[in-house]
Ligand SMILES: [Zn+2]
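In our numbering, the protein residues as written are 20 to 278.
Given below as structure tokens:
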């Protein structure tokens, strides 16, 4: 099948992913041997990219092409001497002549609304995943540094008489000011949270952050000021959001160098 140079509307449709069947094959066959039309397609892709259509591979909204064709028919000049009935397969050739700039703009605005909405949602999901992956990667790297350092200490945190059942483990490196907490405690009562504390050799306890009751399979990395020698680690029960200093009962306690 031979073909003259592709018309801009076809290229816009192609760039939108809305051209299919024989039309698509013919256009691709032509472009394979026509650098001029490949450049036109690149320009069409840039136009669509400007309105948020750049990301592959988005399915065009259903009805996009039909809506376009209907508008094209409506836009045909009233005096145009065209047959009242056209074979369905030929309608795109009418489109070629009647699809004006205003119509193309309307199409792109219509498509932009739908595509931009999809893109926004997808973009948000990708951002969230990326942040999670980045966070996980940073945490994993920190865990490797902490567990791999010869001067890291491992501390077992044990449940306290009268308190909820639980146990936890802290690997702490004073030089780095970092540690890893993993453990499991009975769920905190409503309105309360568990908070982890570093008890220094001298001075007041330092918050090492909130911990979930079930942190068995999701260790958390603590980032503290470096150079603080620890005497103990403790988990206390605190109001939601945590406290600057411990106020609640000690739930788990582990002494450093306890043997
Ligand atoms: Zn060409």
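Every residue, glycine too, gets a C-beta built ideally from N, C-alpha and C. Model, not experiment: these values are computed from the prediction.
Exposed unless 16 or more other CB atoms sit within 10 angstroms - verdict on residue i
{"i": "residue 192", "result": "buried"}
{"i": "residue 171", "result": "buried"}
{"i": "residue 24", "result": "exposed"}
{"i": "residue 38", "result": "buried"}
{"i": "residue 46", "result": "buried"}
{"i": "residue 130", "result": "buried"}
{"i": "residue 238", "result": "buried"}
Check: residue i C-beta below 7 Å from any heavy atom of ligand 1
{"i": "residue 34", "result": "no"}
{"i": "residue 55", "result": "yes"}
{"i": "residue 25", "result": "yes"}
Opposing strand residues paired with residue i [DSSP bridges]
{"i": "residue 34", "result": "Residue 34 pairs with nothing; no bridge assigned."}
{"i": "residue 257", "result": "212"}
{"i": "residue 233", "result": "203"}
{"i": "residue 188", "result": "175, 201"}
Residue i at chain C interface by Cβ criterion, 8 Å
{"i": "residue 40", "result": "Note that chain C does not occur in the displayed structure, where there is just one protein chain."}
Same chain only: Cβ atoms within 6 Å of residue i, ignoring 5 sequence neighbours per side
{"i": "residue 187", "result": "176, 202, 271"}
{"i": "residue 174", "result": "189, 252, 273, 275"}
{"i": "residue 59", "result": "30"}
{"i": "residue 108", "result": "With a pLDDT of 46 at residue 108, under the threshold of 50, the modelled position of this residue cannot be trusted; read the value that follows with caution. Hits under 6 Å: none found."}
Residues near residue i in its chain [Cβ-Cβ closer than 7 Å; skip 5 each side]
{"i": "residue 266", "result": "257"}
{"i": "residue 217", "result": "224, 225, 227, 243, 247, 249, 252"}
{"i": "residue 261", "result": "212, 214, 226, 229"}
Neighbourhood of residue i by C-beta distance below 8 Å, restricted to the same chain and skipping five residues each side
{"i": "residue 63", "result": "27, 30, 31, 33, 34"}
{"i": "residue 43", "result": "33"}
{"i": "residue 208", "result": "256"}
{"i": "residue 205", "result": "183, 184, 185, 232"}
{"i": "residue 179", "result": "268, 269, 270, 271, 272"}
(message) When you compare the stretch 179-195 with the stretch 245-254, are there three or more beta-carbon pairs, one atom per stretch, that lie closer than 8 Å?
(response) yes
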